[in-house]
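Novice: Mind having a look at this structure? Questions to follow.
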Amino acid sequence: MPDPRIRIARDGPIATVTFTREEARNAFDLAMWAALHEAMDALSAEDALRCVVLRGAGTAAFSAGADIKSFATERGTPEQEARYAPIFHDAMQSIRCCRHPVVAMILGHCLGGGAGIATMCDFRVGGEGIRFGITANRMGLWYPHAEIAPILALAGSGVAAEMLIEGRIFTGREAYERGLLSRLVTDDAVEAEALALAGRIAAGAPLAARFHKAAIAALLGPLPMPAAAQATAGGFVQTEDFRDAVRAFAERRPPRFVGK
Numbered sequence: 061m062p063d064p065r066i067r068i069a070r071d072g073p074i075a076t077v078t079f080t081r082e083e084a085r086n087a088f089d090l091a092m093w094a095a096l097h098e099a100m101d102a103l104s105a106e107d108a109l110r111c112v113v114l115r116g117a118g119t120a121a122f123s124a125g126a127d128i129k130s131f132a133t134e135r136g137t138p139e140q141e142a143r144y145a146p147i148f149h150d151a152m153q154s155i156r157c158c159r160h161p162v163v164a165m166i167l168g169h170c171l172g173g174g175a176g177i178a179t180m181c182d183f184r185v186g187g188e189g190i191r192f193g194i195t196a197n198r199m200g201l202w203y204p205h206a207e208i209a210p211i212l213a214l215a216g217s218g219v220a221a222e223m224l225i226e227g228r229i230f231t232g233r234e235a236y237e238r239g240l241l242s243r244l245v246t247d248d249a250v251e252a253e254a255l256a257l258a259g260r261i262a263a264g265a266p267l268a269a270r271f272h273k274a275a276i277a278a279l280l281g282p283l284p285m286p287a288a289a290q291a292t293a294g295g296f297v298q299t300e301d302f303r304d305a306v307r308a309f310a311e312r313r314p315p316r317f318v319g320k
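Now the structure itself:
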């Protein structure tokens, strides 16, 4: 059965995918990543569709990213991570590779994998009050190469370093100034602007939109992924830093990073 936390609604040639887990700020567990991948692949195959909008349920969060509470059972061992990582990767790439233009409607927290989802989209409409960033350094996580690539394409290595190494969380204005947002509006105007953007896209020639989306991706070119990096990308699960960070989250205390 489809995961009810990934909901699809249609308005003519526009589909809206809603992450529906408000009690956890729309955070994703493994089943939700798999469901997002399935939903995006199915939508990509629909010839009548012209635009896809991604959003979080409610106004508190687009998505807080991966569900840290699930890490102990879903990412606690190398074997678990070997299963988790491809599902996460496939979900992300299904957004990036969707034939149709994809718009992120961003309100509230857009963190971790939530920010990753947003950077995979073709357009990002955000409000002044959003919080946008990737908190991998606070969890001892190693963010994958393929998911770093869109950040580099949007904003360059300096901003990528701020996000991944410093762990900086941007306001809506800061994210817009760094190129991470396509449009910055007041929080109460985000939904209207994102849907208006989707409407303008849907009013255009769909074959042209698909061609231009594919052309932009081709001209950016693939990011080389060294074999050694692929082999070690999930190695964080064996570190003391990651294990303590997971415990610290549950215990509501700061993690104790020791570099091991």
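The sequence shown begins at 61 in my numbering and counts up by one. Backbone N, C-alpha and C define an ideal beta-carbon position, used for all residues, glycine too. Since the structure is predicted, the reported quantities are computational estimates derived from the model, not experimental observations.
By DSSP's criteria, H149 is part of a beta bridge. Which residues make up the other side?
Specialist: Answer by DSSP bridge pairing: none, since H149 is not bridged.
Novice: From which residue to which residue does the beta strand (DSSP E) around L114 run?
Specialist: Note, L114: beta strand (DSSP E), C111 to G116.
Novice: Which residues in the same chain as A126 place their Cβ atom closer than 7 Å to its Cβ, once the five residues preceding and following it in sequence are excluded?
Specialist: Taken in chain order, the residues that qualify are A87, F88, G172 and G173.
Novice: Cα separation between A305 and M199?
Specialist: Spanning the two alpha carbons is a distance of roughly 5 Å.
Novice: Assuming M100 is part of the alpha helix (DSSP H), what are its boundary residues?
Specialist: That run of the alpha helix (DSSP H) goes L90 to S104.
Novice: In the DSSP assignment, what residue or residues form a beta bridge with R184?
Specialist: Paired residue(s): A164.
Novice: Helix or strand or just coil, what does DSSP make of I74?
Specialist: It is a strand residue.
Novice: Please work out which residues of its chain come closer than 7 Å, Cβ to Cβ, to T133, disregarding the five sequence neighbours upstream and downstream, and give them in chain order.
Specialist: Once the five neighbours on either side are set aside, T133 has no close Cβ partner at all.
Novice: Thinking C-beta only, is L114 closer than 8 Å to A164?
Specialist: It is a contact, given that the beta carbons lie within the stated cut-off.
Novice: May I ask you to verify whether the segment 150 to 159 touches the segment 175 to 188, counting CB pairs closer than 8 Å and requiring at least 3?
Specialist: In short, these stretches touch, since the Cβ pair count reaches three.
Novice: So G239 packs on L214, CB below 8 Å; how close in whole Å?
Specialist: That belief holds up - the Cβ atoms of G239 and L214 are roughly 5 Å apart, short of 8 Å.
Novice: Measuring alpha carbon to alpha carbon, tell me which of P315, L241, V219 and R316 ends up nearest G189.
Specialist: That would be L241, whose Cα lies nearest to the Cα of G189.
Novice: Considering Cα atoms alone, identify which of G193, A268 and E207 is closest to A235.
Specialist: Closest option to A235, Cα to Cα, is G193.
Novice: Taking 8 Å as the CB-CB cut-off, is S154 touching chain B?
Specialist: Considering every chain present, this structure includes no chain B. It has just one protein chain.
Novice: Smallest Cα separation from F176: which of A102, A265 and S123?
Specialist: Note on residue identity: the sequence assigns Gly, not Phe, to residue 176. Nearest C-alpha to G176: S123.
Novice: Leaving out the 5 sequence neighbours to the left and right, which residues in its chain are closer than 6 Å to I74 when beta-carbon positions are compared?
Specialist: Answer for I74: C111, A258 and A262, listed in chain order.
Novice: For the segment 195 to 236, which segments carrying the beta strand (DSSP E) assignment without a break, of at least 3 residues, lie completely within its bounds, in sequence order?
Specialist: Listed in chain order, nothing qualifies, since the segment 195 to 236 has no complete beta strand (DSSP E) run of 3 or more residues.
Novice: I'd like the span of the alpha helix (DSSP H) that includes A252, first residue to last.
Specialist: It spans V250 to A263 - the alpha helix (DSSP H) in which A252 sits, taken as one unbroken run.
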